[in-house]
Structure formats: structure tokens, C-alpha cells
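Engineer: Just dropping this structure here.
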Amino acid sequence: MPNSPPDALYQRILENLHSGVLLFDASMRLVYVNPAAEMLFAVSARRITGVAAGDLLSDPGLVSSLARALSSGHPFTERELVLRIGPERRFTVDLTALPLAEPDGRRELLVEMTQVDRQLRITREENLLAQSSAVRVLVRGLAHEIKNPLGGLRGAAQLLERELHEEELKEYTGIIISEADRLQSLVNRMLGPNALPQRRPVNIHHVVERVRQLLRVEAPVGVCFISDFDPSIPELLADQDQLIQAVLNLVRNAVEALGERGSITLRTRTLRQYTIGQTRHKLVARLDVIDNGPGIPAEVKEGIFLPMVTGRPEGTGLGLPIAQSLINQHGGLIECESRPGETVFTVLLPLAIGTPLETPKIGGAHAQQGRPGSKKR
Ligand SMILES: Nc1ncnc2c1ncn2[C@@H]1O[C@H](COP(=O)(O)OP(=O)(O)O)[C@@H](O)[C@H]1O
Ligand SMILES: [Mg+2]
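Quick note: to get the working numbering, add 64 to the position in the sequence shown (first position is 1).
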């Protein structure tokens with residue numbers, strides 16, 4: 065028998081461990097799973113004992129790493145590994161695989177996994193929200209500082225142009241004016257959406273369909289769109305135009321990343337009792353924009369939601385910060401996960417009023433509003 069029953073002490077330890085422990089035999093079938101691992105996989109030990117690793121972990125890359133560890137005898141550790149169980153369940157673990165060689169020649173593989181999702185997700189979201197509001201303050205300040213003298217510069221160049229009689233010299237004032245205009249429009253875009261959302265009941269699928277319609281014209285013929293909608297999502301109370309703009313920025317990036325061919329899946333779901341930043345919401349709408357393109361380049365990945373961070377020669381790096389800011393204004397958040405072959409941008413929008421978990425530390429979603437009196441975009 066590969067799993068000689070642990071004696072009472074070992075059993076007590078294993079059963080009370082916070083980490084999930086799994087033991088596979090030489091043919092990579094599960095021989096033991098502790099209660100923490102049962103909880104993680106949301107199945108009982110009885111149902112999965114004897115199951116092949118390939119069927120339990122629907123991640124061929126991980127399964128082959130485990131098989132390699134078993135045959136080579138080399139242990140490995142992987143951090144922040146995303147495990148998918150079925151189509152909906154997904155969690156992140158730190159995983160260690162330890163090949164065991166018994167004196168009788170038997171080989172087994174001990175796998176230990178600790179779920180890191182919750183801490184990770186909450187820290188990441190807080191960082192995103194804090195980052196996005198800090199950036200907004202900085203960029204607003206900077207943009208206003210540039211904008212005011214720019215008006216004066218342009219006006220002076222216009223006056224000068226009127227005084228000039230030589231066409232050759234007018235060329236120079238023309239350059240000043242057109243460059244001032246270019247800078248002005250850049251600054252306007254940096255200031256981003258400033259109007260407060262005009263909230264009305266909005267069907268998220270109308271938003272997605274509109275974006276699809278707009279991009280169908282732009283996208284190369286080899287790019288196909290797939291809708292995977294949950295028709296039961298209730299209407300949002302939101303500014304439809306702002307949502308369209310935010311989703312458009314995400315889907316347009318996907319189109320650009322794909323180049324000539326690929327697919328973009330637009331998936332909607334609801335999440336119950338979901339926490340965004342510091343606020344727990346009864347019901348949250350989730351929209352995933354998934355593309356099978358090359359993934360976000362490593363050098364821009366960290367700062368993707370910061371303005372001016374771009375991986376494209378003709379990019380402005382403003383699409384994502386603007387989208388994030390628009391969604392934040394609705395109490396929501398955009399998250400991103402990317403690897404070669406799959407990039408997912410997830411828009412989370414509260415459907416039902418949330419209750420703060422504690423006093424918010426950051427002027428995130430609800431707190432920030434436009435500067436009164438100034439019109440942007
Ligand atoms: N779906 C995606 N796949 C790969 N890279 C992406 C994707 N979405 C965004 N990016 C990367 O993020 C960068 C920033 O995007 P964005 O803020 O919209 O600015 P811009 O599109 O002007 O570069 C892009 O230049 C690109 O490198
Ligand atoms: Mg863009």
C-alpha cells in the first residue's frame with residue numbers, strides 16, 4: 065500500500081495544517097490529501113483519492129513539472145501559481161513539490177500548497193486604488209501647470225503672426241501654434257475624465273455590444289469576437305458613455321495586441337459578496353476582456369495603469385489610466401492578469417451598495433470627484 069496510514073500524532077498534525085498537502089504515487093495518482101487541500105479543491109478526499117494528477121490539476125504545465133520532479137528527484141517551488149478548478153474556480157497558491165524516495169525504492173511526490181489569493185488580491189487592489197488616486201493628483205497638478213502658460217504662449221504667437229508680413233517667418237509662428245495645440249490636447253487627455261458620472265440604469269451588455277460595434281470596423285478581419293454573457297446580470301446605475309469609453313480602451317488594446325489575427329472573448333458574470341478595495345458589495349458585475357495575444361510586455365507590466373507607460377511606439381500610455389479612473393469613479397476597479405497567449409482585463413463594478421469594511425485609507429472609488437468648473441476632454 066502506498067499510503068500506510070499515518071499514526072495518530074502525524075494524522076493530527078496533517079489534519080490541522082493550514083497548508084494543503086497532497087501525496088502522489090509513482091504513477092502520479094493521488095494517494096493522500098489533507099483537509100486543507102480538500103477545502104482548497106472543494107471536494108472530499110473520497111472523491112479524488114486515486115485520481116490522476118492530470119485530471120485533478122487542469123494545468124498541463126504544472127502536471128509535467130510535477131512529473132519531472134518525480135522522475136528526476138529534484139524538488140521545486142513555485143510562487144503565486146494560479147490554479148484553475150473547472151471553468152469558474154481559480155485561486156493562487158505558493159506550491160512546493162518534494163520527491164520522496166523510500167528505502168524500499170518506492171517513489172512518491174509530496175505537494176504542499178498555501179493559498180495566497182486573499183492577501184494578494186486585497187493588497188494588489190489597495191495598491192491599484194492608491195496608485196491611481198496618487199497618480200491622478202500628480203497628473204492633474206502637472207497638467208494644470210502646463211495648461212495655463214500654454215494658453216498665453218499660443219495667444220502671443222497668434223498676435224505675433226498677425227504682425228508678421230514675411231511668409232517665411234509665419235511658418236515659425238505656425239509651428240508654435242500647432243505644437244501648442246498638440247500639447248493642449250495631450251494635457252486634456254492627461255487630465256482625463258473629469259465630469260461626474262451621469263448615472264442611469266445601464267445594461268452592461270449594451271455597453272459591450274456598442275464597443276464591439278465600434279471596433280468591428282477597426283479590427284482586422286482575422287480578429288474574432290466571442291461573447292459569453294450572463295443574461296441574468298441586473299442593470300447597473302452608471303454613466304453609459306463613461307463605461308463605453310473605459311471598455312473601449314481595454315478592447316482596443318486587445319485588438320492592437322493581436323495584430324492580424326486572434327480572438328477576443330467578452331465575458332460577463334456576477335459575483336456575490338465581493339470585496340473591492342475596502343468595500344464589501346452584495347453583488348458585483350464582472351466583465352472580462354480576454355485576448356489570446358502575446359501578453360503584456362514585461363517592461364511595461366508593472367506600471368500598466370500609470371499614465372505615459374506604453375509598449376507601443378505610437379502609444380500614449382493613457383488608455384488604461386483613463387479606463388481605471390472611469391471605473392474607479394463608479395466605485396469599481398480594473399485588474400489585469402497576463403501571460404503569453406492569454407491576457408485578461410477584469411472590470412469589477414458594484415451592482416448593490418456596499419458597506420465599508422473599515423474607514424477607507426485612500427481616496428479611492430467614491431471619494432474622488434472632478435474639480436468643479438473645469439471641463440475636460
Ligand atoms: N491586451 C493587451 N495585450 C498586450 N499588451 C497590452 C494589452 N493591453 C495593454 N497592453 C500594453 O499596455 C500598454 C499601455 O496601454 P494603454 O494605457 O492603453 O496605452 P497605449 O495603448 O497608448 O500604449 C500598451 O502599450 C501595451 O503595451
Ligand atoms: Mg491603449
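Ideal Cβ placement from N, Cα and C applies to all residues, glycine included.
Residues in its own chain within less than 7 Å of residue 356 by CB, not counting five upstream and five downstream?
Structural biologist: 326, 327, 405, 406
Engineer: Just how far apart, CA to CA, sit residue 148 and residue 296?
Structural biologist: 24 Å
Engineer: Measure the alpha-carbon distance for residue 261 versus residue 301 and round it to whole angstroms.
Structural biologist: 10 Å
Engineer: Among 393, 387, 346, 365, which has the Cα closest to the Cα of residue 415?
Structural biologist: 346
Engineer: Give every residue of the same chain whose Cβ lies closer than 8 Å to the Cβ of residue 210, excluding the five residues on either side of it in the sequence, and list them in chain order.
Structural biologist: 247, 251
Engineer: Quick test of your reading: residue 388 and residue 196, contact by CB under 8 Å. State the CB separation rounded to the nearest angstrom.
Structural biologist: 5 Å
Engineer: What beta strand (DSSP E) runs, 3 residues minimum, are completely inside the stretch 278-315?
Structural biologist: DSSP runs (the beta strand (DSSP E)) wholly in the stretch 278-315: 286-292, 300-302.
Engineer: Please list, in chain order, all residues of the same chain as residue 402 whose beta carbon is under 6 Å from its beta carbon, the five residues on each side excluded.
Structural biologist: 359, 360
Engineer: In three-state terms, what does DSSP make of residue 86?
Structural biologist: strand
Engineer: Check whether the stretch 108-115 and the stretch 91-98 are in contact - that is, three or more C-beta pairs closer than 8 Å.
Structural biologist: yes
Engineer: Run through DSSP, which three-state label would residue 412 get?
Structural biologist: strand
Engineer: Please go through the same chain and pick out, in chain order, the residues whose beta-carbon is closer than 8 Å to the beta-carbon of residue 179, but skip the five residues on each side of it.
Structural biologist: 84, 104, 155, 156, 157
Engineer: Measure the C-alpha to C-alpha separation of residue 174 and residue 272 and round it to an integer number of angstroms.
Structural biologist: If you take the alpha carbons of residue 174 and residue 272, they lie about 45 Å apart.
Engineer: Taking 7 Å as the line, does the beta carbon of residue 396 fall inside it for any heavy atom of ligand 2?
Structural biologist: no
Engineer: How close, in whole Å, do the beta carbons of residue 373 and residue 381 come, if the pair is a contact with beta carbons under 8 Å?
Structural biologist: 5 Å
Engineer: Return yes when the C-beta of residue 383 is under 7 Å from any heavy atom of ligand 2, and no when it is not.
Structural biologist: Within the cutoff, so yes.
Engineer: Please check the pair residue 201 and residue 370, which I expect to be a contact at CB under 8 Å, by giving their CB distance rounded to whole angstroms.
Structural biologist: That belief does not hold up - the Cβ atoms of residue 201 and residue 370 are roughly 13 Å apart, past 8 Å.
Engineer: For residue 255 and residue 205, I'd like the C-alpha separation in whole angstroms.
Structural biologist: 9 Å
Engineer: Which residue wins for smallest C-alpha separation from residue 269, given the options 222, 311, 228?
Structural biologist: 311
Engineer: Indicate, with yes or no, if ligand 1 has a heavy atom lying under 7 Å from the CB of residue 333.
Structural biologist: No, ligand 1 has no heavy atom inside 7 Å of this Cβ.
Engineer: Taking its Cβ as the centre, do 16 or more other Cβ atoms sit within 10 Å of residue 441, making it buried, or is it exposed?
Structural biologist: Residue placement at residue 441 cannot be trusted, given a pLDDT of 32 that sits under 50; what the coordinates show is reported in the next sentence. So residue 441 counts as exposed.
Engineer: Decide if residue 79 is buried, meaning its Cβ has at least 16 other Cβ atoms within 10 Å, or exposed.
Structural biologist: exposed
Engineer: Mapping the DSSP letters down to three states, classify residue 380 as helix, strand or coil.
Structural biologist: coil
Engineer: According to the neighbour-count rule (16 or more other Cβ atoms, all chains shown, within 10 Å of its Cβ), is residue 437 buried or exposed?
Structural biologist: Per-residue confidence for residue 437 stands at a pLDDT of 36, beneath the threshold of 50, marking its modelled position as unreliable; the derived number appears in the next sentence. Answer is exposed; the Cβ neighbour count stays below 16.
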